[in-house]
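Participant: Protein sequences appear in the order of chains A and B.
Taking the working numbering, I'd label the letters of the first sequence as residues 1 to 115.
Taking the working numbering, I'd label the letters of the second sequence as residues 1 to 117.
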Amino acid sequence: AQKITQTQPGMFVQEKEAVTLDCTYDTSDPSYGLFWYKQPSSGEMIFLIYQGSYDQQNATEGRYSLNFQKARKSANLVISASQLGDSAMYFCAMREGYNTDKLIFGTGTRLQVFP
Amino acid sequence: DAGVIQSPRHEVTEMGQEVTLRCKPISGHDYLFWYRQTMMRGLELLIYFNNNVPIDDSGMPEDRFSAKMPNASFSTLKIQPSEPRDSAVYFCASSLGLAGFSSYEQYFGPGTRLTVT
Numbered sequence: 001a002q003k004i005t006q007t008q009p010g011m012f013v014q015e016k017e018a019v020t021l022d023c024t025y026d027t028s029d030p031s032y033g034l035f036w037y038k039q040p041s042s043g044e045m046i047f048l049i050y051q052g053s054y055d056q057q058n059a060t061e062g063r064y065s066l067n068f069q070k071a072r073k074s075a076n077l078v079i080s081a082s083q084l085g086d087s088a089m090y091f092c093a094m095r096e097g098y099n100t101d102k103l104i105f106g107t108g109t110r111l112q113v114f115p
Numbered sequence: 001d002a003g004v005i006q007s008p009r010h011e012v013t014e015m016g017q018e019v020t021l022r023c024k025p026i027s028g029h030d031y032l033f034w035y036r037q038t039m040m041r042g043l044e045l046l047i048y049f050n051n052n053v054p055i056d057d058s059g060m061p062e063d064r065f066s067a068k069m070p071n072a073s074f075s076t077l078k079i080q081p082s083e084p085r086d087s088a089v090y091f092c093a094s095s096l097g098l099a100g101f102s103s104y105e106q107y108f109g110p111g112t113r114l115t116v117t
């Protein structure tokens with residue numbers, strides 16, 4: 001079974017609108033962390049936001065927020081007020097368990113923002 | 001501050017040749033990671049080090065791949081002999097680490113695009 005599932009290969013959003021990128025995960029370990037990374041066409045991987053499994057509140061970082069629904073095992077990324085520069089690949093990743101720093105990545109969602 | 005530095009940025013080699021990829025992590029980061037990204041397999045962890053010691057190498061494809069970290073500021077990933085299926089972008093990343101309840105993100109280098117013909 002896939003540990004991280006991103007079901008949207010591609011998404012389109014108009015500039016200034018909000019968009020939600022889906023991510024579901026699969027783990028039986030109560031301790032885990034969820035990360036979102038952005039990969040622009042230039043290729044670098046940019047950290048966006050983190051959510052720990054024991055965090056009580058949804059994480060927010062500027063225009064990025066994470067809609068964490070633990071019972072559903074989902075960690076969707078919400079980008080508010082989309083900008084043209086948000087066009088990129090977005091990857092969800094999970095660190096599973098207490099004694100590892102290994103990240104497992106999803107297959108990514110390509111977001112395109114149009115004017 | 002300099003980020004993670006990787007060299008070369010692009011490498012083209014012929015099948016059977018030895019390839020060495022290099023990485024300099026961010027100063028002060030105790031953890032170093034090597035990833036490979038391909039269209040078919042996505043982004044996958046090959047190996048990671050903590051304080052220069054390999055912790056998890058379960059992602060290393062086969063014996064042709066080896067990685068070393070002789071000191072806190074340098075790591076290499078070597079492929080010998082290289083094959084066309086090794087063509088990919090190889091990323092190095094570093095972090096402050098701490099397993100468990102850590103929010104420390106991994107900082108990625110710009111990647112090395114390897115093409116094996």
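Using N, Cα and C, we set each Cβ at its ideal position, and we do this for glycine too.
Run through DSSP, which three-state label would Pro84 (chain B) get?
Facilitator: helix
Participant: With hydrogens ignored, establish whether the beta-carbon of Asp86 (chain B) is closer than 8 Å to any heavy atom of the ligand MN.
Facilitator: Looking for the ligand MN in the displayed structure turns up nothing, as the structure carries no ligands at all.
Participant: Write down the C-beta distance between Ser65 (chain A) and Ala59 (chain A) rounded to the nearest angstrom, noting that I regard them as a contact closer than 8 Å.
Facilitator: 7 Å
Participant: Check the Cβ of Leu103 (chain A) against every Cβ in chain B and list those closer than 7 Å, keeping chain order.
Facilitator: Leu45 and Gln106
Participant: For Ser87 (chain A) and Asn67 (chain A), what's the separation of their Cα atoms in angstroms?
Facilitator: 20 Å
Participant: Taking CB distances under 9 Å as the criterion, tell me whether Thr100 (chain A) reaches chain B.
Facilitator: yes
Participant: Could you check where the beta strand (DSSP E) with Pro54 (chain B) kicks off and where it finishes?
Facilitator: First-last of the beta strand (DSSP E) with Pro54 (chain B): Val53 to Asp56.
Participant: Relative to the C-alpha of Gly42 (chain B), which candidate in B:Val89, B:Leu114 and B:Leu96 has its C-alpha closest?
Facilitator: B:Val89
Participant: Are the C-beta atoms of Tyr64 (chain A) and some chain B residue less than 9 Å apart?
Facilitator: no
Participant: Return the chain-ordered list of same chain residues with a C-beta closer than 7 Å to the C-beta of Asn50 (chain B), the five sequence neighbours on each side being excluded.
Facilitator: Asp30, Tyr31 and Gly97
Participant: Over the uninterrupted beta strand (DSSP E) stretch that includes Thr109 (chain A), give me the two end residues.
Facilitator: Boundaries of the beta strand (DSSP E) harbouring Thr109 (chain A): Thr109 to Phe114, taken from the DSSP string.
Participant: Of all the options A:Arg110, A:Ser80 and A:Gly43, which has the alpha carbon lying nearest to the alpha carbon of Glu61 (chain A)?
Facilitator: A:Ser80
Participant: So, is Asp86 (chain B) buried or exposed, given that buried needs 16 or more other C-beta atoms within 10 angstroms?
Facilitator: buried
Participant: How would you write the range of the beta strand (DSSP E) that Ser84 (chain A) sits in, first residue to last?
Facilitator: Residue identity check: residue 84 (chain A) is Leu in the sequence provided, not Ser. First-last for Leu84 (chain A): undefined, no H or E at that position.
Participant: Could you tell me which chain B residues have their CB closer than 7 Å to the CB of Met45 (chain A), listed as they occur along the chain?
Facilitator: Those within 7 Å of Met45 (chain A) in chain B are Phe91 and Phe108.
Participant: Any Cβ of chain B within less than 9 Å of the Cβ of Tyr25 (chain A)?
Facilitator: no
Participant: Would you report the Cα separation of Gly28 (chain B) and Cys92 (chain B), rounded to the nearest angstrom?
Facilitator: The C-alpha of Gly28 (chain B) lies about 15 Å from the C-alpha of Cys92 (chain B).
Participant: Counting only Cβ-Cβ distances shorter than 8 Å, please list the residues of the region 1–23 of chain A near chain B, keeping chain order.
Facilitator: none
Participant: In chain order, what residues of the same chain have a beta carbon less than 8 Å from the beta carbon of Glu11 (chain B), not counting five sequence neighbours either side?
Facilitator: The answer, listed in chain order, is Val19, Leu21, Thr112, Arg113, Leu114 and Thr115.
Participant: Closest by CA to Ala75 (chain A), which one among A:Gln83, A:Val113 and A:Tyr50?
Facilitator: A:Tyr50
Participant: Would Leu103 (chain A) pass as a contact of Phe12 (chain A) if the rule is Cβ separation under 9 Å?
Facilitator: Going by C-beta atoms, Leu103 (chain A) is not nearer than 9 Å to Phe12 (chain A).
Participant: Closer than 9 Å by beta-carbon distance: list the chain B residues that pair up with Phe91 (chain A), in chain order.
Facilitator: Chain B residues near Phe91 (chain A): Gly42 and Leu43.
Participant: Any beta-carbon of chain B closer than 9 Å to the one on Thr60 (chain A)?
Facilitator: no
Participant: For the putative contact between Val4 (chain B) and Tyr104 (chain B), defined by C-beta atoms under 8 Å, what is the C-beta separation to the nearest angstrom?
Facilitator: Val4 (chain B) to Tyr104 (chain B), Cβ: 14 Å. No contact.
Participant: What does the Cβ neighbour count give for Arg53 (chain B), buried or exposed, with the cut at 16 atoms within 10 Å?
Facilitator: It should be noted that the sequence gives Val, not Arg, for residue 53 (chain B). Label assigned to Val53 (chain B): exposed.
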